[in-house]
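A.B. asks: Mind having a look at this structure? Questions to follow.
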Amino acid sequence: MKIVTAVIKPECLDACKTALAQAGVRGMTLTSVSGFGQEVGHSEVYRGARYNSDLITRVRIDVVSADEDADTLVNVLVEAAKTGNDGDGFIWVAPLDRVVRINTGDENEAAL
Amino acid sequence: MNITTVWLLVASVLSMLTTVGVGLYYMGLARVKSVLNMGMLMLGGIVTTCLVWVLWAWSLAFGGSDVVGVVGDPASGFLLRDSIALKNGAFLSVMPTGASYPRLADVLFEMTVACLAVVLISGALAERIKFSAWAVFVVFWVNIVYAPVAHMLWSRSGLLSATGPLSQALGSGAHDLAGSGVVWLSAAVSALAIVLIIGRRRTFHVTPLKPHSLTLSFFGVALAFVGFMGFVAGHVHSGNGTAVYTVLSMLLACSASCWGWLMIDRLRNRHFTALGAISGILSGMAAVCAAADSLNPLWTVLIGFIAGVACSSAVSWKYRLNYDDSFDVVAIAGVGAVIGLLANGLFAQKGGLLTGGGVGLLVAELVEIVVVFLWAGVWTAVIAFVLEKTVGWRIADRDEVLGVDIADQGEKGYDFETFSNSVFKEAQ
């Protein structure tokens, strides 16, 4: 089992969800995150004080998949989340020891 | 029915709206963890002032025979004694001989004016003081600072009023129609005195202390802007053409000051900002009070513009001189008020230095600035110092990190946690 995590621009979220659904993914976890990388934040000015915020808002998608499907999902996500500019985001794949669906008690591949 | 009574009633309502608007503006400028504290400073300030006013502050400011032109007699108007009469089981107002409106209307309106002065101060004290200390402070401040200053400028026998002893010595009374000096300058000087005594926030000039809701601040200034039309015109104490002129003056000055600040914003920061616009409006409000009825429209616009430009430059003083005037009360209220008062001395249609009226009015305005500065500054410093040594102004350092709302009130302004981390303990 693998967990595929993508940190993407919020405006690409709809495209990614659609693409993942078409690839057969029926569940995912979304989190609102902040970060920086190639793209850094902007400056804000409030009455005599200038603040630099280097953190920018991103969305994190976590999808659990079978070992053989991980590469497909990565390609799907790259395709859906790419805008061609700095700050498109990152994807990483990590191994999972065990996955359990709480409702039915199914494990690993059966739980997907 | 007395039309002036009706007008003063309306003006009082609008004036209270201004105060509430200023409070909301401060609430929006605070951080999430301090928003309720700012609200409490506003509301606590208003309710405490109302109570003290009716008890004896009205009397100190405007009542009875006075002491050397500095302060009135607190006993004569205690609990509205000199203002109310009973008729058929209902209270109504005493109508002074020769007056065009009943005394109670004056009590009410001046009370709302005092509330604005008190709430203005609170903007400098954000995120670090206890509500209890503020409440005690307000009681002393209204009596010892505000009432005498109001008496000196606005009471018939006050030192600097049109017929007062100091005015006669100077040759001219200090004309402060709606309280640039009495309200805005005294609040600013008092705020400065307090912040120098209580000190900076722990993370002042270190971590960002950004407004959490400019939307709320915008809403607050929008209310204050509308309410101020009544605040200024109410001081004319009459529903006549002069009252209308003061409203127009106020709108002209505030519009010009808004643009003045926006211009500076654009030049310095490359943006026209919302915070700049509302700050500009407030600086115009401070400046126009002094001479809303005595400057011609051209000078009113010019003074408003200058106030917007000057106040926007003054906001950086607190960083350069390292005092934590949290929401720029000194820069906006103080600088704006001084500009308004001096403008009256220079440009008043009758009596201004540059309009052929000689130097008397200007000198009187300068004396007013000095008197307000000294009286408010010294007495507020004394009150603040005594409070610091007895009750203590500030919350503990670690409480400041936690947030003054939770620490001082046990409340959160916003509860957006999707999972609750509180457990119901007991019903009381």
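Line order of the protein sequences matches chains E and R.
Its first residue numbered 1, the first sequence is counted upward by one per residue in the UniProt record's numbering.
Its first residue numbered 1, the second sequence is counted upward by one per residue in the UniProt record's numbering.
Each residue gets a CB set at the ideal place from its N, CA and C atoms; glycine is no exception.
1) Anyone know if the C-beta pair for residue 111 of chain R and residue 53 of chain R falls short of 7 Å?
2) Below 8 Å on the Cβ atoms is my contact criterion, and I expect residue 405 of chain R with residue 35 of chain R to pass it. Report the Cβ-Cβ distance as a whole number of Å.
3) Any C-beta of chain E within less than 7 Å: which residues of the stretch 35 to 64 of chain R qualify?
4) With residue 203 of chain R as the anchor, note down where its alpha helix (DSSP H) starts and where it stops.
5) Look up residue 10 of chain E in the DSSP assignment and say whether it is helix, strand or coil.
6) Given that a residue counts as buried once 16 or more other Cβ atoms are within 10 Å of its Cβ, and exposed if not, what is residue 68 of chain E?
7) Below 7 Å on C-beta distance, what does residue 212 of chain R contact in chain E?
8) Step through the CB atoms of chain E and report whether any lies within less than 7 Å of the CB of residue 208 of chain R.
9) Please identify the residue among R:309, R:160, R:167 whose C-alpha is closest to the C-alpha of residue 253 of chain R.
10) Check each residue of the stretch 243 to 275 of chain R: if its Cβ is closer than 9 Å to any Cβ of chain E, include it; give the result in chain order.
11) Would you kindly work out how many angstroms separate the C-alpha atoms of residue 50 of chain R and residue 109 of chain R, rounded to a whole number?
12) Just the chain E side, please: which residues come within less than 7 Å of residue 316 of chain R by C-beta, in chain order?
13) Is the beta carbon of residue 218 of chain R closer than 7 Å to that of residue 256 of chain R?
14) Since residue 49 of chain E sits in a beta bridge, which residues does DSSP pair it with?
15) When the Cα atoms are used, what is the spatial distance from residue 416 of chain R to residue 213 of chain R?
16) Looking only at C-alpha atoms, which of R:12, R:137, R:286, R:87 sits nearest to residue 227 of chain R?
17) Using only the alpha-carbon positions, how far apart do residue 410 of chain R and residue 37 of chain R sit?
18) Could you spell out where the alpha helix (DSSP H) holding residue 306 of chain R opens and where it closes?
19) Spell out a yes or no on whether the stretch 85 to 103 of chain E and the stretch 347 to 365 of chain R are touching, meaning 3 or more CB-CB pairs, one atom from each, closer than 8 Å.
20) What does residue 33 of chain E reach in chain R if we use C-beta pairs closer than 9 Å?
21) Exposed or buried, which one is residue 205 of chain R when buried takes at least 16 other CB atoms within 10 Å?
22) I'd like the list of long-range same chain contacts for residue 381 of chain R, defined as Cβ closer than 6 Å, with 5 residues on each side in sequence excluded.
23) Which class does residue 102 of chain E belong to by DSSP, given the choice of helix, strand or coil?
24) When you compare only the Cα positions, how much space is there between residue 229 of chain R and residue 375 of chain R?
25) Expressed to the nearest angstrom, what Euclidean distance is found between the alpha-carbon atoms of residue 394 of chain R and residue 187 of chain R?
26) Apart from the five residues on each side of it in sequence, which residues of its chain come closer than 8 Å, Cβ to Cβ, to residue 8 of chain R?
27) Output yes if chain R places a C-beta closer than 7 Å to the C-beta of residue 45 of chain E; else output no.
28) Could you please tell me which residues of the stretch 327 to 344 of chain R, in chain order, have their CB closer than 7 Å to any CB of chain E?
29) Could you check the C-alpha separation between residue 90 of chain E and residue 75 of chain E for me, to the nearest Å?
30) Taking buried to mean at least 16 other C-beta atoms within 10 Å of its own C-beta, is residue 325 of chain R buried or exposed?
31) Quick check on the DSSP output: the alpha helix (DSSP H) that includes residue 372 of chain R runs from which residue to which?
32) Just grab the DSSP bridge partners of residue 87 of chain R for me.
33) Classify residue 96 of chain R as buried or exposed, calling it buried when 16 or more other Cβ atoms lie within 10 Å of its own Cβ.
34) Would you check if the stretch 169 to 183 of chain R and the stretch 277 to 295 of chain R touch, i.e. whether three or more CB-CB distances between them fall below 8 Å?
35) Hey, quick one: how far does the alpha helix (DSSP H) through residue 190 of chain R stretch, first residue to last?
36) Using the DSSP secondary-structure output, state which residues sit across from residue 118 of chain E in a beta bridge.
C.D. replies: Short version:
1) Yes, they are a contact pair.
2) Confirmed, Cβ separation roughly 7 Å.
3) Within the stretch 35 to 64 of chain R, no residue qualifies.
4) It is not in any alpha helix (DSSP H) - residue 203 of chain R carries neither H nor E in the DSSP assignment.
5) Residue state, collapsed to three classes: helix.
6) Result: exposed.
7) For residue 212 of chain R, no chain E residue has a Cβ inside 7 Å of its Cβ, as the nearest lies near 11 Å away.
8) The Cβ of residue 208 of chain R sits closer than 7 Å to at least one Cβ of chain E.
9) Nearest neighbour of residue 253 of chain R by Cα position, chosen from R:309, R:160, R:167, turns out to be R:309.
10) Listed by position along the chain: 265, 268, 269, 270, 271, 273, 275.
11) Rounded to the nearest angstrom, the two C-alpha atoms are 11 Å apart.
12) Going along chain E in sequence order, the residues near residue 316 of chain R (Cβ under 7 Å) are 48.
13) It is not a contact, given that the beta carbons lie outside the stated cut-off.
14) Residue pairing from DSSP places residue 49 of chain E in a beta bridge opposite E:46.
15) Distance between the alpha carbons of residue 416 of chain R and residue 213 of chain R: 15 Å.
16) When each option's Cα is compared against that of residue 227 of chain R, the closest is R:12.
17) The straight-line gap from Cα to Cα measures roughly 11 Å.
18) That run of the alpha helix (DSSP H) goes 297 to 314.
19) In short, these stretches do not touch, since the Cβ pair count stays below three.
20) Correct list: empty, because the minimum Cβ distance to chain R is about 15 Å.
21) The residue in question, residue 205 of chain R, is exposed, as its Cβ has fewer than 16 Cβ neighbours within 10 Å.
22) Excluding five sequence positions before and after residue 381 of chain R, the CB atoms of its chain that fall closer than 6 Å to its own CB belong to 193, given in chain order.
23) Coil.
24) Rounded to the nearest whole angstrom, the CA to CA distance from residue 229 of chain R to residue 375 of chain R is 29 Å.
25) Taking the CA atoms as reference points, residue 394 of chain R sits about 20 Å from residue 187 of chain R.
26) Only residues of its own chain outside the window of five on either side were considered, and among them 101, 105, 106, 108, 109, 234, 237 have a CB closer than 8 Å to the CB of residue 8 of chain R, listed in chain order.
27) Residue 45 of chain E counts as touching chain R.
28) Residues 328.
29) Approximately 12 Å, taken between the alpha carbons.
30) With 16 or more neighbouring CB atoms inside 10 Å of its own CB, residue 325 of chain R falls in the buried class.
31) Per DSSP, the unbroken alpha helix (DSSP H) holding residue 372 of chain R starts and ends at 360 to 389.
32) As DSSP reads the structure, residue 87 of chain R sits in a beta bridge with R:90.
33) Exposed, by the Cβ-count rule.
34) Between the stretch 277 to 295 of chain R and the stretch 169 to 183 of chain R there are three or more inter-stretch CB-CB distances shorter than 8 Å, so the stretches are counted as touching.
35) Residue 190 of chain R -> alpha helix (DSSP H) spans 186 to 198.
36) With chain E running from 1 to 112 in the structure shown, residue 118 of chain E is simply not present.
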